[in-house]
Amino acid sequence: MSEISVNSILDASGGATTTINGFTPTVSNMAGRNKIINGGMGIDQRNAGAAVSTNGAFPLDRWTLSKDGGTIAASRSTVFPAGFTNSLLFSVTTGYTPTAAQQNNVRQNTEGFNVSDFGWGAAGAQSVVLSFWVRSSLTGTFAGSVNNSAYNRSYVYTYSVSAANIWEYKTVIIAGDTSGTWLTDNSVGLRVIFDLGSGSDYNATAGVWSAGEKRNTAGAVQPITTSGATFYITGVQLEEGSVATPFEHRQYGQELALCQRYFQTNYTDGVAIGTITQTNAIGRWIDAAGNYAGILVNFAVRMRAVPSVVHWGVLAGATTGQVSGDGTNKAALVSHSGQWGVTISTNNVASGSGESVRCNYTASSEL
Amino acid sequence: MTYKLNTYGITITRLVDNASIPADPANTDYANYLQWLAEGNTPEPADIPPEPTYQELRASAYPPAADFADAYYWAQKGNLALMEAYLENCDAVKLLYPK
Numbered sequence: 038m039s040e041i042s043v044n045s046i047l048d049a050s051g052g053a054t055t056t057i058n059g060f061t062p063t064v065s066n067m068a069g070r071n072k073i074i075n076g077g078m079g080i081d082q083r084n085a086g087a088a089v090s091t092n093g094a095f096p097l098d099r100w101t102l103s104k105d106g107g108t109i110a111a112s113r114s115t116v117f118p119a120g121f122t123n124s125l126l127f128s129v130t131t132g133y134t135p136t137a138a139q140q141n142n143v144r145q146n147t148e149g150f151n152v153s154d155f156g157w158g159a160a161g162a163q164s165v166v167l168s169f170w171v172r173s174s175l176t177g178t179f180a181g182s183v184n185n186s187a188y189n190r191s192y193v194y195t196y197s198v199s200a201a202n203i204w205e206y207k208t209v210i211i212a213g214d215t216s217g218t219w220l221t222d223n224s225v226g227l228r229v230i231f232d233l234g235s236g237s238d239y240n241a242t243a244g245v246w247s248a249g250e251k252r253n254t255a256g257a258v259q260p261i262t263t264s265g266a267t268f269y270i271t272g273v274q275l276e277e278g279s280v281a282t283p284f285e286h287r288q289y290g291q292e293l294a295l296c297q298r299y300f301q302t303n304y305t306d307g308v309a310i311g312t313i314t315q316t317n318a319i320g321r322w323i324d325a326a327g328n329y330a331g332i333l334v335n336f337a338v339r340m341r342a343v344p345s346v347v348h349w350g351v352l353a354g355a356t357t358g359q360v361s362g363d364g365t366n367k368a369a370l371v372s373h374s375g376q377w378g379v380t381i382s383t384n385n386v387a388s389g390s391g392e393s394v395r396c397n398y399t400a401s402s403e404l
Numbered sequence: 012m013t014y015k016l017n018t019y020g021i022t023i024t025r026l027v028d029n030a031s032i033p034a035d036p037a038n039t040d041y042a043n044y045l046q047w048l049a050e051g052n053t054p055e056p057a058d059i060p061p062e063p064t065y066q067e068l069r070a071s072a073y074p075p076a077a078d079f080a081d082a083y084y085w086a087q088k089g090n091l092a093l094m095e096a097y098l099e100n101c102d103a104v105k106l107l108y109p110k
């Protein structure tokens with residue numbers, strides 16, 4: 038091993054493109070370079086590790102399952118490549134061949150604020166690199182896409198899995214799109230999609246920008262067609278530039294806070310949403326007898342938009358739309374709501390003094 | 012998917028999971044609700060708030076407790092005028108909102 042000790046390293050051509058291990062360190066590609074949230078698949082506020090299989094479900098924070106037909110289970114997995122602790126697993130229960138108009142995929146809708154620096158939709162659009170680890174029981178050429186919010190701009194990418202059940206690292210360079218409308222506010226900025234099997238309506242040529250909603254390329258491997266197939270991804274990173282840098286491991290608290298902009302709950306880690314429990318429940322004491330009581334929920338971070346809220350009572354038999362107090366479950370509703378918090382109020386239900394009203398809740402402002 | 016309006020109009024309830032959905036255009040659930048409306052669907056009406064009880068009506072109409080305290084003070088000093096006026100006001104409320 039050699040050691041070099043110098044005071045400065047300069048670009049030989051007088052520019053600012055000195056590379057280290059293949060990439061040029063700049064302010065924009067150091068901390069905060071990964072536009073993907075929960076790319077290491079460690080945050081699961083909803084399912085306590087249980088699998089989900091319905092269209093629109095979130096197997097992990099920020100990752101959405103989109104499913105038309107077939108049976109596929111998605112969950113956090115403890116199968117992972119070196120340097121990680123989790124992955125996102127898709128298991129196909131029964132093989133299903135999608136029709137031309139059907140699509141199956143997992144995606145992350147990235148907020149426009151977070152990718153505004155890409156400058157897409159205009160001259161000077163920046164190239165980006167998508168990198169990830171993949172492992173599958175199937176081999177061959179797989180596909181995915183990057184789409185804009187309106188689904189009228191698509192970039193289909195492909196990658197090869199050469200060995201079954203072995204982790205492989207993949208990088209995809211995507212030229213910035215100088216056309217189309219790419220939102221840069223709190224709406225969907227862009228969608229990063231891993232195709233699991235989509236019909237011919239979604240086929241496009243890989244490696245170029247296309248008009249319309251595209252997901253894959255003809256002939257790509259479609260895991261959903263094979264009973265018993267498995268497909269894992271982790272270490273997903275989307276960053277500006279043309280060279281993939283090592284995965285940006287953020288601290289757990291940072292990653293959780295990023296996720297909480299889109300979904301948060303009072304439930305303890307590892308407790309499934311909807312569990313009837315008093316542990317970690319929120320509430321307030323009522324210091325005077327009255328017919329109304331409101332529980333003020335202050336969110337951990339400001340949410341992307343005013344969220345949809347579901348709340349449960351904490352006593353046996355409680356259902357959604359309730360809080361608990363004075364030994365009973367009572368009907369309640371959200372009486373005030375905003376991006377920083379909500380008030381969950383019992384509505385015209387007698388409450389005595391010296392008791393508490395409590396509930397568990399979720400707040401969602403997902404994209 | 013069906014929805015129900017809420018009594019106070021703050022949110023809409025999505026009945027499949029009783030989610031309270033705010034009327035925020037940036038909320039994707041609300042966008043889905045607007046799409047559902049555009050397809051010709053109609054939400055269930057809000058529950059009609061229960062009529063207030065006579066106790067609730069009287070409680071909001073009685074003269075302030077400070078008036079009673081003042082009247083009590085003067086009554087202890089031998090001046091009953093304020094207490095009589097206070098009781099008359101209470102009687103008027105009871106008459107307005109009978110049991």
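Protein sequences, first through last, are from chains A and B.
Each residue of the first sequence is one higher than the one before, counting from 38 in the working numbering.
Each residue of the second sequence is one higher than the one before, counting from 12 in the working numbering.
Virtual Cβ for every residue (Gly too), placed ideally from N, Cα, C.
All of these numbers come straight from a predicted model, not from anything done at the bench.
When Cβ atoms are compared, which residues of the segment 15-37 of chain B fall closer than 9 Å to chain A?
Cβ contacts with chain A: N17, T18, Y19, I21, T22, T24, R25, D28, N29, A30, S31, I32, P33, A34, D35, P36 and A37.
Count the CB pairs spanning the segment 175-185 of chain A and the segment 116-134 of chain A that are closer than 8 Å, and state whether there are at least three.
The segment 175-185 of chain A, when compared against the segment 116-134 of chain A, does not touch it at the 8 Å Cβ threshold.
In the DSSP output, which residue or residues are listed as bridge partners for A/V166?
Walking along the first sequence from the start, residue 166 of chain A turns up at place 129. A/I210 and A/E276.
Closer than 8 Å by beta-carbon distance: list the chain A residues that pair up with B/D40, in chain order.
For the purposes of this step, residue 40 of chain B is taken as the residue at position 29 of the second sequence. Neighbours of B/D40 on chain A, chain order: S345 and S401.
So with CB distances below 7 Å, who are the chain B contacts of A/A342?
Your numbering for residue 342 of chain A matches position 305 in the first sequence. Residues of chain B passing the Cβ test: D35, A37 and N38.
Put A/R144 into one of helix, strand or coil per three-state DSSP.
Counted from its first residue, the first sequence places residue 144 of chain A at position 107. Looking at A/R144 - three-state DSSP - the assignment turns out to be strand.
Taking one C-beta from the segment 373-380 of chain A and one from the segment 304-317 of chain A each time, how about it: are there three or more such pairs within less than 8 Å?
No, the segment 373-380 of chain A is not in contact with the segment 304-317 of chain A.
Give the single residue among A/Y329, A/R298, A/D222 and A/S247 whose Cα lies nearest to the Cα of A/V343.
Taking the first sequence and counting its residues from 1, the one referred to as residue 343 of chain A is at position 306. The shortest C-alpha separation from A/V343 is found at A/R298.
With H, G and I counted as helix, E and B as strand and the rest as coil, what does DSSP make of A/V116?
For this step, residue 116 of chain A is matched to residue 79 along the first sequence. Residue state, collapsed to three classes: coil.
Can you round the beta-carbon distance between B/A30 and A/S224 to whole angstroms, since I take them to be within the 8 Å contact cut?
The count along the second sequence starts at 1 and reaches residue 30 of chain B at position 19. The count along the first sequence starts at 1 and reaches residue 224 of chain A at position 187. Actually they do not touch by this definition, with Cβ atoms about 20 Å apart.
Could you check whether the Cβ of A/V308 sits closer than 7 Å to any Cβ belonging to chain B?
For the purposes of this step, residue 308 of chain A is identified with residue 271 of the first sequence, where counting begins at 1. No, no contact with chain B.
Ignoring anything shorter than 4 residues or poking outside the segment 57-97 of chain A, list the alpha helix (DSSP H) runs there in chain order.
DSSP runs (the alpha helix (DSSP H)) wholly in the segment 57-97 of chain A: none.
Could you spell out the range, first to last residue, of the alpha helix (DSSP H) harbouring B/L93?
Locating residue 93 of chain B in the second sequence gives position 82, where the first residue counts as 1. Run containing B/L93: A92 to L107, per the alpha helix (DSSP H) assignment.
Tell whether a beta-carbon distance below 7 Å holds between A/I80 and A/E285.
Within the first sequence, the letter at position 43 stands for residue 80 of chain A. Within the first sequence, the letter at position 248 stands for residue 285 of chain A. No, the pair does not count as a contact, with Cβ atoms beyond the cut-off.
According to DSSP, is B/V27 part of a helix, a strand, or is it coil?
Counting from 1 along the second sequence, the entry for residue 27 of chain B is found at position 16. The answer is coil: DSSP assigns B/V27 none of H, G, I, E or B.
Considering only DSSP beta bridges, list what A/L175 is partnered with.
Counted from its first residue, the first sequence places residue 175 of chain A at position 138. A/L175 is not bridged to any residue.
Using only alpha-carbon positions, find the residue among A/T399, A/G362, A/T242 and A/S168 that is nearest to A/E392.
Translated into the one-based positions of the first sequence, residue 392 of chain A becomes position 355. Selected option, being the one with the closest Cα: A/G362.
Could you tell me which chain B residues have their CB closer than 7 Å to the CB of A/T357, listed as they occur along the chain?
For this step, residue 357 of chain A is matched to residue 320 along the first sequence. What A/T357 touches in chain B: D28 and N29.
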